[in-house]
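J.:
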Amino acid sequence: MNAGRPVLVITLLSFVLCCAVAQIPTDVTTVGTTKQITTPVVTTPAVTSTARYSNFGTYFSNGWRYYEASTIPLSWSAAKYECRRKGMNLVSIETREEDEFIRQHLFVNYPNEHFWTSGNDVFQEGFYYWDSTGNAVGPYRNWAPTHPVASTLYNCIVYSRGADLRWAIASCSDQYRFICEQSY
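Numbering (mature numbering (1 follows the signal peptide of the UniProt record, and there is no 0)), first residue to last: -22 to -1, 1 to 162.
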């Protein structure tokens, strides 16, 4: 009998139980007949209690989408995870009307705040896309005057209060408030 076998079995069982208790979040994407499983990288802060964020913002709607603006700052990846946990996505701005509607809400309710969108160029520098839809940013765009800038340090799109809530890029590890959306 192999003396190392009980240790291996105990180690594997511990790993399986650990993962089951931790409930590691994953996204499953089907590409052709292949499933790709990705685990989001949540930097800071570590989300240890979902009750902490159970009602984290203000709700507003434009008649075809439902939005929630957070009152807590998180990194981009943690914000994405929090929206998904609520059955929503980080916001994707696809039209001038949608942008103006959201900007008006932010101007009135959140002076001096920045808000994450789902936009980023993480996978290809300079090619911005909406993470929640997979669509390229455009044809509508509302960049702040000096944005976007070519930088591998700044990859995520934020509504920038200093630029009249036009779009700017920031480090994805920065902590800002965020907007989740869900279609009716």
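Glycine included, each C-beta is placed from N, C-alpha and C at the ideal position.
1. Taking all protein chains shown into account, do 16 or more other C-beta atoms lie within 10 angstroms of the C-beta of Ser70, making it buried, or fewer, making it exposed?
2. Could you check which residue in Ser48, Leu131, Asn67 and Tyr37 has the C-alpha nearest to that of Val100?
3. Classify Phe93: buried if its beta carbon has 16 or more other beta carbons within 10 angstroms, exposed otherwise.
4. Expressed to the nearest angstrom, what Euclidean distance is found between the alpha-carbon atoms of Pro23 and Arg63?
5. With a CB to CB cut of under 8 Å and the five nearest residues on each side skipped, what residues in its chain are close to Trp121?
6. Can you tell me whether Tyr154 is buried or exposed? The criterion is at least 16 other CB atoms within 10 Å of its CB, across all chains shown.
7. Since I believe Ile157 is in contact with Ala47 (beta carbons under 8 Å), could you give me their beta-carbon distance rounded to a whole number of angstroms?
8. Is it the case that the Cβ atoms of Pro89 and Tyr106 are separated by a distance below 8 Å?
9. In its own chain, which residues sit with a C-beta less than 6 Å from the C-beta of Cys61, not counting the 5 before and 5 after it?
10. Near Thr111, which residues of its chain fall below 6 Å by C-beta distance, leaving aside the five closest residues on each side in sequence?
11. Which of helix, strand or coil does DSSP assign to Cys61?
12. Run through the DSSP bridge pairs and tell me what Gly97 is partnered with.
13. Would Tyr162 and Tyr45 qualify as a contact pair, given that the criterion is a beta-carbon distance under 8 Å?
14. From what residue to what residue does the alpha helix (DSSP H) around Arg81 run?
15. Just mark Gly104 as buried or exposed, buried being the case when its beta carbon has 16 or more other beta carbons within 10 Å.
16. Assign Thr95 to buried or exposed, taking buried as 16 or more other Cβ atoms, counted over all protein chains shown, within 10 Å of its Cβ.
17. Can you tell me where the beta strand (DSSP E) with Arg144 in it begins and where it stops?
T.: The relevant details are as follows:
1. The residue given as residue 70 occupies position 92 in the sequence shown. It is buried - the Cβ of Ser70 has at least 16 other Cβ atoms within 10 Å.
2. As a first step, residue 100 is located in the sequence shown; it is residue number 122 there, counting from the start. Considering only alpha carbons, the answer is Leu131.
3. Along the sequence shown, one-based indexing puts residue 93 at 115. Label assigned to Phe93: buried.
4. Walking along the sequence shown from the start, residue 23 turns up at place 45. Walking along the sequence shown from the start, residue 63 turns up at place 85. For Pro23, the predicted structure reports a pLDDT of 34, less than 50, and the residue's modelled location is therefore unreliable. The matter cannot be settled from this model.
5. The count along the sequence shown starts at 1 and reaches residue 121 at position 143. Here the set comprises Arg144, Trp145 and Ala146.
6. Here the question's residue 154 lines up with position 176 in the sequence shown. Looking at its Cβ environment, which holds 16 or more other Cβ atoms inside 10 Å, Tyr154 is buried.
7. By one-based count along the sequence shown, residue 47 stands at place 69. By one-based count along the sequence shown, residue 157 stands at place 179. The Cβ separation is near 5 Å, so the contact holds.
8. By 1-based counting over the sequence shown, the position of residue 89 is 111. By 1-based counting over the sequence shown, the position of residue 106 is 128. For Pro89 and Tyr106, no; Cβs fall outside 8 Å.
9. Stepping through the sequence shown from its first residue, residue 61 is reached at position 83. Once the five neighbours on either side are set aside, the close Cβ partners of Cys61 are Asn67, Leu68 and Cys158.
10. What you label residue 111 is simply residue 133 of the sequence shown in a count that begins at 1. The answer, listed in chain order, is Ser70.
11. The residue labelled residue 61 in the question sits at position 83 within the sequence shown. Helix.
12. In the sequence shown, the residue the question calls residue 97 occupies position 119. Answer is Trp108.
13. Counting from 1 along the sequence shown, the entry for residue 162 is found at position 184. Counting from 1 along the sequence shown, the entry for residue 45 is found at position 67. No, they are not a contact pair.
14. For this step, residue 81 is matched to residue 103 along the sequence shown. From DSSP, the alpha helix (DSSP H) with Arg81 extends over Arg74 to Asn87.
15. Within the sequence shown, numbered from 1, the residue matching residue 104 stands at position 126. Classification for Gly104: exposed.
16. The residue labelled residue 95 in the question sits at position 117 within the sequence shown. Thr95 comes out buried.
17. Translated into the one-based positions of the sequence shown, residue 144 becomes position 166. That run of the beta strand (DSSP E) goes Arg144 to Ala148.
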